[in-house]
Amino acid sequence: MFNFFKKIFGSRLFKLFGSTVLMYLAFRKVDLTTLADLLLKVPWWFWVAMLAYQIVLVIIGAYRWSLLLFDKPGVDEVKNFTRASMLGSFYGLLFPTMVASDLLKWLSILKKYPEITKTKLLSSVFLDRVVGFTIFIFSAFLASLVALMTGVAIPWFLVWIFGGLFLGVLVFYFLVFKINLEKIFDRFPWLKKGGDIVELIKNENKSRIYRALGVSLVTELMWVMQVYFISEIFGAGFSLLSVLVVVPVVSMVLLLPISIGGIGARDSMYLVFFGNLGYEPAKILAVSAFSGILGILGSLINGVANYF
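Below is the structure:
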C-alpha cells in the first residue's frame with residue numbers, strides 16, 4: 067500500500083496535474099495580459115543581475131559542500147564542486163527525482179577526486195543536505211513564529227510541523243555525536259552502510275560543520291532576499307519583514323510532492339499569504355512567475371556553463 071501511494075505522489079503525472087490545477091486557481095484571478103505586460107517591462111539588466119545572483123548562490127553552495135570533504139578547499143576545489151553542482155541543477159530539470167541529478171554530481175566529483183571513496187562522498191552529500199535542511203527548517207520555524215506574532219495569516223498547524231521537524235534535526239545531531247550508533251548498526255548487516263556513513267560524519271571536524279552551517283545561513287538569507295529585490299522591480303512593495311516571514315514558510319511547503327518545480331504551488335501560496343497582507347494580486351503573481359522563470363533559466367545556464 068505504501069509503495070502504491072509512493073508511486074502516485076512521486077509520479078510526474080500527479081505533479082503535472084497538481085501544477086495545472088494550482089496554476090488555474092491562482093492565475094484565474096488576474097488579467098493575464100496585465101501579468102505578461104509586467105514581465106515584459108522588466109529591464110534586461112535586472113534579468114542579467116538576478117541570473118548572476120543565482121550563479122553566486124550556486125558557488126556558495128558548492129563551497130559549503132567542499133567544506134565537508136576538504137579542511138581548506140582551494141579555488142580548484144570550489145571550481146570543481148561548482149561545476150558538479152551546476153550539472154546537478156541542469157539535470158534536475160530533466161529527471162523526476164533528485165537522486166538522478168545527485169548521481170551525476172557524484173560521478174563528476176569521483177572523476178576529479180578518485181581518492182575519495184564512494185561512502186565518504188555519499189556521507190558528504192547526505193551531511194550537506196542535513197546542514198542545508200537544518201538552516202532551512204530553522205528559518206521556516208522562526209518565520210512561522212514571527213508570522214503568528216505579527217499577524218501574518220498562516221495555518222497554525224505549520225508552526226507545530228516546522229517545530230517538530232526542527233526538533234527532529236536536533237535529535238539527529240544528538241544521536242550522531244552523542245550516541246554510539248555504529249555499534250547498533252553493526253548488529254544488522256543491512257544497516258552496516260548506514261553505520262559507515264554515521265562514522266564518517268562523526269569523524270568530521272566539527273568546526274567544518276559549524277562553518278558549513280554558517281555558510282548555509284548566509285545562503286538562506288541571500289536566497290530569501292532575492293524575492294524582496296524582485297518585488298521592488300515590479301513595484302509590488304513587499305516589506306522586508308513580510309518576505310523574511312512568508313518565503314521560508316512557502317519554500318518549506320514546496321518540499322511536498324504536489325507540483326513540478328513549485329509551478330502553481332508557489333503562485334497559489336504567494337497569492338494567499340501576500341494577498342492577505344494587502345498586496346496587489348497581479349504584482350504578487352508577477353513576482354512568483356519571475357522567480358519561477360529565473361530558476362529555469364538559471365538551471366539551463368548552469369548546464370551550458372559546464373561545456374566551457
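Here my numbering is used: the first residue of the sequence shown is 67, the next is one more, and so on. All residues carry an ideal CB built from backbone N, CA and C; glycine is no exception.
Residue interval of the alpha helix (DSSP H) (run including residue i)
{"i": "Y179", "result": "Looking at the DSSP string, Y179 is not in any alpha helix (DSSP H), and its letter there is neither H nor E."}
{"i": "E346", "result": "Note, E346: premise wrong, no alpha helix (DSSP H); not H, not E."}
{"i": "V108", "result": "Where V108 is concerned, there is no enclosing alpha helix (DSSP H), given that its DSSP letter is neither H nor E."}
{"i": "K95", "result": "Neither: K95 is in no alpha helix (DSSP H) and is coded neither H nor E."}
{"i": "D194", "result": "184-216"}
{"i": "I299", "result": "272-300"}
{"i": "F232", "result": "222-244"}
{"i": "K138", "result": "Where K138 is concerned, there is no enclosing alpha helix (DSSP H), given that its DSSP letter is neither H nor E."}
Whole-number beta carbon distance between residue j and residue i, since they are thought to touch under 8 Å
{"i": "S398", "j": "I220", "result": "Lying before the first or after the last residue shown, residue 398 is absent from the chain, which here runs from 67 to 374."}
{"i": "Y119", "j": "V281", "result": "Their Cβ separation, rounded to whole angstroms, is 16 Å, which puts Y119 and V281 out of contact at 8 Å."}
{"i": "A348", "j": "V96", "result": "5 Å"}
{"i": "V197", "j": "V311", "result": "That belief does not hold up - the Cβ atoms of V197 and V311 are roughly 23 Å apart, past 8 Å."}
{"i": "A352", "j": "L104", "result": "4 Å"}
{"i": "L279", "j": "I201", "result": "6 Å"}
Same chain only: Cβ atoms within 6 Å of residue i, ignoring 5 sequence neighbours per side
{"i": "S85", "result": "S325, I326, I329, G330"}
{"i": "V319", "result": "none"}
{"i": "G234", "result": "none"}
Cβ shell of residue i (< 7 Å), same chain only, five flanking positions each side left out
{"i": "G127", "result": "S151, T285"}
{"i": "G341", "result": "P347, I350"}
{"i": "P314", "result": "S205, A206, A209, V290"}
{"i": "M67", "result": "With a pLDDT of only 44 at M67, under 50, the local geometry of the prediction cannot be trusted, and the value read off the model is given with reservation. If we look at M67 and ignore the five residues flanking it on each side, it has no Cβ neighbours."}
{"i": "Y345", "result": "A302, G303, F304"}
{"i": "F300", "result": "L104, K349, A352, V353"}
Cutoff 8 Å; reference residue i; Cβ partners in own chain excluding five residues on either side
{"i": "V316", "result": "R332, M335, Y336, F339"}
{"i": "L117", "result": "L360, L363, G364, I367"}
So, do the stretch 296-312 and the stretch 177-189 have three or more beta carbon pairs nearer to each other than 8 Å? Flag = no, the stretch 296-312 and the stretch 177-189 do not touch.
Counting beta carbon pairs with one atom in the stretch 143-162 and one in the stretch 175-185, are three or more of them shorter than 8 Å? Because the criterion of three Cβ pairs below 8 Å is met, the stretch 175-185 and the stretch 143-162 touch.
When you compare the stretch 270-290 with the stretch 325-332, are there three or more beta-carbon pairs, one atom per stretch, that lie closer than 8 Å? no
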